Amino acid sequence: MPTSRMRTRSAPWPGMSRRILMRYMSWSPSTETRCATRRHLVGMRRAGISSMSKSTLSIDGNLRRGALLLALLVCVLYQGTIRSGFQYDDFHSIVRNPHLIPANVGQFFLDPGLFSVNPESTMYRPLLLITFTLNRWMSGDEPWSYHLANVLLHAGNAAIILWLLRLLGLTAGTSALAATLFAIHPINSEAVAYVSSRSELLASLGMFLFCGLALTCSTRWTHRLATVVAMGAALLSKSVAIVAPVLAIVGLASDAGVRAKVRSLLPVGSAVVAIVVVYLFAIRSLVTRAVVDSPVRDMVPQLATQTKALGYYIWLTVMPIRLSVEHQFLVSRDLDPTVAMGGAFLLSLVLVAWRAHPWRWGVAWWLICLLPTIVVPLIVLVNEHRLYAASVGGFAMIATAIQSQRSEGRPVAVILIAAYTIMLALLTVGRIEVWQSERSVWEDAATKAPASLKAQLRWADALAFKGDVELAEAAYLRALALRSHHPATRNNLGRMYLVQGRWDEAQTQFGLLLNVSPDNVPARMNLAQILFRQGRLDEARVQYEAVMAYGTTHGRAQLRIAQIGLRQDSPAAQVLRWLEQAEAAGETSVDLHVSRGIVLRRLGRGEAALAAYRAALAKAPASADVWYNLGNLYVEQENRTEAVQAFTRAIECAAEDDVIRQSAIDRLRALK
Numbered sequence: 000m001p002t003s004r005m006r007t008r009s010a011p012w013p014g015m016s017r018r019i020l021m022r023y024m025s026w027s028p029s030t031e032t033r034c035a036t037r038r039h040l041v042g043m044r045r046a047g048i049s050s051m052s053k054s055t056l057s058i059d060g061n062l063r064r065g066a067l068l069l070a071l072l073v074c075v076l077y078q079g080t081i082r083s084g085f086q087y088d089d090f091h092s093i094v095r096n097p098h099l100i101p102a103n104v105g106q107f108f109l110d111p112g113l114f115s116v117n118p119e120s121t122m123y124r125p126l127l128l129i130t131f132t133l134n135r136w137m138s139g140d141e142p143w144s145y146h147l148a149n150v151l152l153h154a155g156n157a158a159i160i161l162w163l164l165r166l167l168g169l170t171a172g173t174s175a176l177a178a179t180l181f182a183i184h185p186i187n188s189e190a191v192a193y194v195s196s197r198s199e200l201l202a203s204l205g206m207f208l209f210c211g212l213a214l215t216c217s218t219r220w221t222h223r224l225a226t227v228v229a230m231g232a233a234l235l236s237k238s239v240a241i242v243a244p245v246l247a248i249v250g251l252a253s254d255a256g257v258r259a260k261v262r263s264l265l266p267v268g269s270a271v272v273a274i275v276v277v278y279l280f281a282i283r284s285l286v287t288r289a290v291v292d293s294p295v296r297d298m299v300p301q302l303a304t305q306t307k308a309l310g311y312y313i314w315l316t317v318m319p320i321r322l323s324v325e326h327q328f329l330v331s332r333d334l335d336p337t338v339a340m341g342g343a344f345l346l347s348l349v350l351v352a353w354r355a356h357p358w359r360w361g362v363a364w365w366l367i368c369l370l371p372t373i374v375v376p377l378i379v380l381v382n383e384h385r386l387y388a389a390s391v392g393g394f395a396m397i398a399t400a401i402q403s404q405r406s407e408g409r410p411v412a413v414i415l416i417a418a419y420t421i422m423l424a425l426l427t428v429g430r431i432e433v434w435q436s437e438r439s440v441w442e443d444a445a446t447k448a449p450a451s452l453k454a455q456l457r458w459a460d461a462l463a464f465k466g467d468v469e470l471a472e473a474a475y476l477r478a479l480a481l482r483s484h485h486p487a488t489r490n491n492l493g494r495m496y497l498v499q500g501r502w503d504e505a506q507t508q509f510g511l512l513l514n515v516s517p518d519n520v521p522a523r524m525n526l527a528q529i530l531f532r533q534g535r536l537d538e539a540r541v542q543y544e545a546v547m548a549y550g551t552t553h554g555r556a557q558l559r560i561a562q563i564g565l566r567q568d569s570p571a572a573q574v575l576r577w578l579e580q581a582e583a584a585g586e587t588s589v590d591l592h593v594s595r596g597i598v599l600r601r602l603g604r605g606e607a608a609l610a611a612y613r614a615a616l617a618k619a620p621a622s623a624d625v626w627y628n629l630g631n632l633y634v635e636q637e638n639r640t641e642a643v644q645a646f647t648r649a650i651e652c653a654a655e656d657d658v659i660r661q662s663a664i665d666r667l668r669a670l671k
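If you're matching positions, the sequence shown starts at 0 in numbering that gives the first Met the number 0 and goes up one per residue.
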């Protein structure tokens with residue numbers, strides 16, 4: 000038997016024509032090319048793909064140095080974020096979240112309600128909460144450690160991307176360019192500069208590690224354990240990581256040795272499937288609510304809107320000059336021309352990528368990473384941080400396209416990409432400046448999206464918080480011009496008037512809102528507060544009693560009714576019952592303890608009143624009101640020494656024009 004026939008039985012390529020050979024050798028990011036022809040190898044190099052034997056999958060010196068340089072680049076570029084403050088969702092999930100204490104670490108894995116101070120903002124992200132707890136332990140309410148952690152996570156992700164792209168078979172130069180674009184591109188600045196976007200950073204870190212470890216296909220138990228742990232950590236950071244196994248499969252799909260690799264990955268795959276099943280069971284109520292029971296929009300407009308969003312994401316990536324925390328983006332109800340054009344463009348991109356083999360993986364990675372936000376309806380239509388993990392596929396395609404340029408055109412391409420990279424870095428520095436404060440973030444958003452109600456409202460809130468009343472009022476009125484009966488805008492404008500002492504204007508705003516939405520709890524509470532301050536106690540009581548029929552006030556309405564009872568000399572036992580109801584509903588303020596102390600004094604229960612005042616001092620040791628009432632109790636108990644000390648402290652703590660200060664001075668003179 001001729002030798003050539005014997006060789007044909009042992010492998011597909013000996014004895015074959017080049018045309019048949021090329022059919023067998025479809026491109027794969029991790030294909031080994033030991034047996035490829037020289038022409039095929041040169042073609043792969045032009046496309047930015049290198050042949051990598053198993054020995055090259057380890058982290059060599061050049062790769063380690065490149066990773067360190069990338070991490071250093073990220074730290075230098077993003078060092079300005081360390082001086083930034085908290086923004087937007089940071090306030091309810093971090094600043095005002097009382098659950099971020101070491102004692103709750105175990106509960107983070109059991110109770111999604113610990114994610115926020117707001118009961119309605121339930122999310123299952125225990126690993127994220129653990130990192131926030133560590134930050135609070137390090138820096139308290141100062142934001143620097145939170146931002147430092149985000150920068151370090153982004154630096155680590157950039158380094159891992161360099162390693163992952165080399166595993167996928169891209170050349171050192173192509174991998175370095177793609178990883179550099181990932182590190183410096185302003186589209187990723189929101190994920191780094193916005194503390195609450197850390198969930199994206201953590202989930203991406205787990206996904207990148209999982210994919211890289213899966214591609215190496217080691218049979219060591221430590222390696223397999225690390226692969227499973229990476230997958231679990233990603234899911235415990237954010238649910239979008241559920242696509243990580245699909246990403247790993249895409250990386251392995253076209254491998255010449257895929258069958259052997261699949262066999263070696265079976266134990267890991269089984270463990271990952273088990274983790275995903277357990278995870279989905281744990282969050283089943285959240286998923287059901289978001290997709291089935293009460294989705295924010297139906298599936299048809301959701302898919303139409305997100306089809307349009309995909310084209311918008313591509314534009315933001317290529318020309319990142321209109322980046323913002325809030326984009327002026329509208330829901331598409333059906334297949335309108337914009338959606339049709341977006342869908343056609345996306346389809347053409349997929350077809351081009353499929354014909355250009357080196358782009359297949361990049362397009363697949365990009366779409367798979369965005370799949371959860373395409374399918375699951377979310378309140379925010381488009382978000383830049385959603386592109387964080389997906390952008391790796393896009394940057395890999397850009398780098399591969401540049402690397403595949405013919406030698407005569409490559410110098411021009413290098414110059415253009417160098418200029419483009421510098422421009423991206425400068426744009427990122429600009430975005431970091433925008434993320435310095437709540438005011439700058441929303442001013443930028445309101446300027447770029449003048450028709451966005453949310454942007455105008457948030458900017459107005461930030462201005463009001465800083466005391467810029469005129470600018471805040473103008474921003475609120477612009478928001479009302481966009482939607483005249485928007486509850487939050489009308490209520491917040493009225494609240495600003497209330498704080499300024501412009502009670503008539505405030506009452507007008509609350510009245511207009513309640514005429515349209517009588518069940519609006521904040522507006523009714525604010526209206527009752529105005530009536531309470533004006534001394535119109537019976538009218539205030541009516542409002543407080545009405546608000547309890549519409550929703551919970553966490554005991555605040557019951558406390559105010561009790562305080563009205565104290566002013567009107569209602570029976571002490573009745574007032575005490577209202578205070579007990581307030582505490583049972585969740586009220587824990589200083590006012591609660593002071594009011595209890597006053598009513599217990601009236602009932603002649605001096606020791607219980609003393610305990611109430613001490614509880615108030617534990618919460619507010621510099622409260623002139625508490626010290627003054629405590630002094631009155633000591634006078635009744637004929638404890639002159641303690642009374643003098645209490646009135647003295649009240650004088651020290653009170654403001655110069657405070658009525659309590661003068662009353663304490665008069666009481667102190669009477670004692671002397």
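Glycine included, C-beta positions come from ideal geometry on N, C-alpha and C. All of these numbers come straight from a predicted model, not from anything done at the bench.
Take residue i as the anchor and find which of the options has the nearest alpha-carbon.
i	options	result
Leu309	Gly393, Val286, Ser293	Gly393
Gly361	Asn156, Val391, Pro142, Arg354	Val391
Ala303	Pro376, Gly211, Ile274, Val227	Pro376
Glu119	Thr587, Thr551, Tyr193	Thr551
His184	Leu164, Asn103, Ala561, Leu315	Leu315
Arg668	Leu591, Asp657, Gln644	Gln644
Trp577	Thr587, Leu558, Ala459	Leu558
Asn519	Tyr543, Gln533, Leu530	Tyr543
Ala448	Asn134, Ile241, Leu329, Thr226	Leu329
Gln327	Leu201, Pro266, Val381	Val381
Phe646	Glu637, Val625, Ser138	Val625
Roughly how many angstroms separate the alpha carbons of residue i and residue j, rounded to a whole number?
i	j	result
Asp110	Tyr123	8 Å
Arg595	Arg601	10 Å
Arg22	Trp353	Bear in mind that the predicted position of Arg22 carries a pLDDT of just 41, short of 50, making it unreliable; the figure below should be weighed with that in mind. Approximately 15 Å, taken between the alpha carbons.
Leu69	Val428	16 Å
Ile659	Ala619	16 Å
Thr221	Arg489	58 Å
Ala461	Lys453	12 Å
Glu606	Tyr612	10 Å
Asn61	Val150	23 Å
Tyr284	Gly172	The residue you asked about is not Tyr; residue 284 is Ser in the sequence shown. Straight-line Cα distance between these residues: approximately 46 Å.
Phe209	Ala270	13 Å
Ala471	Ala154	38 Å
Ser52	Thr179	Note that Ser52 scores a pLDDT of 40, beneath 50, so its modelled location is shaky; the value from the coordinates is reported in the next line. Near 25 Å, if we compare the C-alpha coordinates of Thr179 and Ser52.
Gln301	Val291	13 Å
Ser622	Leu616	7 Å
Asp537	Gln567	10 Å
Would you kindly report the start and end of the unbroken alpha helix (DSSP H) that includes residue i?
i	result
Ala148	143-166
Leu366	359-374
Glu582	571-583
Asn134	125-138
Gly65	60-76
Pro486	486-498
Glu651	639-652
Thr179	171-183
Pro521	520-532
Arg555	555-566
Asn187	Neither: Asn187 is in no alpha helix (DSSP H) and is coded neither H nor E.
Leu479	468-481
Which of the three DSSP states, helix, strand or coil, is assigned to residue i?
i	result
Leu109	coil
Leu235	coil
Thr30	Low per-residue confidence applies at Thr30: pLDDT is 39, beneath 50, and the placement is therefore not dependable, though the value from the model is reported in the following sentence. Of the three classes helix, strand and coil, the one that applies to Thr30 here is coil, per DSSP.
Leu214	helix
Leu264	helix
Leu309	helix
Leu99	coil
Val379	coil
Thr551	coil
Determine, using beta carbons only, whether residue i comes closer than 8 Å to chain D.
i	result
Val94	Absent here is chain D; the protein component of the structure consists of one chain.
Are three or more beta carbon pairs between the region 208-218 and the region 319-338 nearer than 8 Å?
no
Would you check if there are 3 or more beta carbon pairs closer than 8 Å linking the region 203-215 to the region 241-252?
yes
Check whether the region 481-495 and the region 505-512 touch, using three or more Cβ-Cβ pairs below 8 Å as the test.
yes
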